[in-house]
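Chains as they are written, first to last, in our numbering: chain A, -17 to 205; chain B, -17 to 205. Ideal placement from N, C-alpha and C gives every residue a C-beta, glycine not left out. Note that the structure is a prediction, hence the values are computed from the model and not measured. These notes concern the structure reproduced below.
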DNA sequence: CCGAGGAGTTACAACTTCTAACGAACACGA
DNA sequence: TCGTGTTCGTTAGAAGTTGTAACTCCTCGG
């Protein structure tokens, strides 16, 4: 990384630095008021230069946001992969890492899992990062001990022949099912928590998250 | 309703009609391009009048969106309540009604459960509608037969003393826990499905939804 | 019938994204 | 060392947006 940056020409290093600062300001704005309130002009003014100058660095607002979305996916995938590298394929560690990542910057989470724009389709490289994240999750679910009553569900049979997303993974349908359950349940709690739908209800969202995680890892020994 | 509208003055009836048409156009725009792309000018142009005229009917863009959010909450609460009135307190019927409501207009779902604007706090009447929805869900969960291994979880103990949201409901903590699980899991699947995170993965989201619902209603007899 | 108030208009301010054209600074090769 | 050419940042401007102010006109109600 040091070598890669050092070998670039001065212009390229400067350009990379300005791009990085633009993105940093953009993240500040998004954290403060959401992605829809992101203003190129405001960023330019903060950086002491005038509006159109930013178009040297990003094709426009959409391109900047796409870049931030890509970074968000990348950050999530790296965080989970690092967690798996440190704790092994442990679904509990993954869950806590996911929650910490989400709470650290809710708007970054929503950039990945929030309301989509109807027409928008993410570039292929972004969906590739998403697949990488799913692979990490699948590995952890494969390492999960099979529960005592592990009869094949109807959904397992469906997954047996509809597993394009896990084509390169040797996990059986039950593992795929558990991975999907893990993903959707963690997201269900986190999404509602970050959106503030639990505020005023009295309970601690962290306990709900832990309860759902317990139900996932040990459906029988949870009591 | 007929009486209430008929007794109003002509001016008020006209005003209500124009407000309704504005909201109808707004829903079209939101369904087509999302809430962030809603343009008062575009609505005015569609209706054959010029921009500022709309400010007679809505204080501004934010007020119009808040009104649409209110209508979305109201629609969801009414749909679930009507389902409960027809099928009784059946959590399965509620789940299918919720999914149908969500699929009928994804952006309406996201207006309720989508990415929040950091600073925004919903008016009290909207949170009251949300509480109404939770009450309907609680009733259905209370009618659910207790599973065989129904030992109190740690989260149940937490809920026993942190149940402000169910203050007026006699349901025990285990029922509260099941209601929260129902809510978060259904939302987890629906949210990811509507946002398109399952596209290209190969499986049918409806089957996943059904599987999660099965796990919720009968954890033992599901196999 | 006539006045008061509501509806819609245009004009304007202050934003936004984004394009075009220009000048100045800088890195690089001869 | 000295052009030269690329790149950066600028201003100007078009085409949008939300929202306010002032004015006209019509209509409803006493």
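query: Measuring only the C-alpha atoms, how far is residue -16 of chain A from residue 95 of chain B?; result: Reliability of the predicted coordinates at residue -16 of chain A is poor, the pLDDT of 43 falling under 50, and the value obtained from them is presented with this limitation in mind. For residue -16 of chain A and residue 95 of chain B, the distance between alpha carbons rounds to 43 Å.
query: When burial is assigned at 16 or more other CB atoms within 10 Å of the CB, is residue -4 of chain B buried or exposed?; result: exposed
query: When you compare only the Cα positions, how much space is there between residue -10 of chain A and residue 172 of chain A?; result: 41 Å
query: For residue -1 of chain B, count neighbouring Cβ atoms within 10 angstroms of its own Cβ and tell me buried if that reaches 16, exposed if not.; result: exposed
query: Taking residue 259 of chain A as the query, report the chain B residues whose CB atoms sit under 7 Å from its CB, ordered along the chain.; result: Absent from the model: residue 259 of chain A. The displayed extent of chain A is -17 to 205, so no value can be given.
query: Starting from residue 138 of chain A, follow the alpha helix (DSSP H) in both directions and report where the run begins and ends.; result: 136 to 143
query: Pick helix, strand or coil for residue 110 of chain A, following the three-state DSSP scheme.; result: helix
query: CA-CA distance, residue 45 of chain A and residue 39 of chain A?; result: 10 Å
query: How about residue 178 of chain B and residue 89 of chain B: do their beta carbons lie closer than 9 Å?; result: no
query: Closer than 9 Å, CB to CB, is residue 45 of chain A near chain B or not?; result: no
query: Quick check on the burial criterion: 16 or more other C-beta atoms within 10 angstroms. Buried or exposed for residue 169 of chain B?; result: buried
query: Roughly how many angstroms separate the alpha carbons of residue 24 of chain A and residue 114 of chain A, rounded to a whole number?; result: 35 Å
query: Going along chain B, which residues have a C-beta under 9 Å from residue 147 of chain A?; result: 180, 182, 183, 184 and 185
query: Name the chain B residues whose beta carbon is nearer than 8 Å to that of residue 95 of chain A?; result: 173, 174, 177 and 179
query: Counting only C-beta atoms, is residue 140 of chain A closer than 9 Å to chain B at any point?; result: yes
query: Is residue 182 of chain B near residue 109 of chain A, with beta carbons less than 9 Å apart?; result: yes
query: What does residue 109 of chain B touch in chain A if you count any residue whose Cβ is under 8 Å from its own?; result: 182
query: Counting only beta-carbon atoms, is residue 199 of chain B nearer than 9 Å to chain A?; result: no
query: Assign residue 51 of chain B to one of three DSSP states: helix, strand, or coil.; result: helix
query: Since residue 170 of chain B is in the alpha helix (DSSP H), which residue starts that stretch and which ends it?; result: 155 to 176
query: Grab the span of the alpha helix (DSSP H) containing residue 147 of chain B for me, first residue to last.; result: Per DSSP, residue 147 of chain B belongs to no alpha helix (DSSP H) and is neither H nor E.
query: Is the beta carbon of residue 77 of chain A closer than 9 Å to that of residue 121 of chain A?; result: no
query: So, for residue 157 of chain A: in the same chain, excluding its five sequence neighbours on each side, which residues have a beta-carbon less than 8 Å away from its beta-carbon?; result: 120, 123, 124 and 126
query: Are the stretch 51 to 68 of chain A and the stretch 141 to 148 of chain A touching by the rule of at least three beta carbon pairs closer than 8 Å?; result: no
query: Closer than 6 Å by C-beta to residue 175 of chain B: which residues in its own chain qualify, once you throw out the five before and the five after it? Chain order, please.; result: 187
query: Using a beta-carbon distance cut-off of less than 7 Å, what residues from the stretch 69 to 84 of chain A approach chain B?; result: none
query: From the beta carbon of residue 157 of chain A, is the nearest beta carbon of chain B less than 9 Å away?; result: no
query: Would you tell me roughly how many angstroms separate the C-alpha atoms of residue 136 of chain A and residue 27 of chain A, rounded to the nearest one?; result: 58 Å
query: Please tell me whether residue 21 of chain A has its Cβ less than 9 Å away from any Cβ of chain B.; result: no
query: Would you grab the beta carbon distance between residue 30 of chain A and residue 22 of chain A for me? Rounded to a whole angstrom, and I think it's under 8 Å.; result: Going by Cβ atoms, the distance from residue 30 of chain A to residue 22 of chain A rounds to 14 Å, so no, they are not a contact pair.
query: Would you identify the three-state DSSP class for residue 20 of chain B, choosing helix, strand or coil?; result: coil
query: Who are the neighbours of residue 162 of chain A on chain B, taking C-beta pairs under 7 Å?; result: 190
query: Between residue 199 of chain B and residue 199 of chain A, what straight-line distance do the alpha-carbon atoms span, to the nearest angstrom?; result: 19 Å
query: Distance check for residue 54 of chain A and residue 191 of chain B, CA to CA, integer angstroms please.; result: 27 Å
query: Going by C-alpha distance, which of B/56, B/104 and B/131 is nearest residue 91 of chain B?; result: B/56
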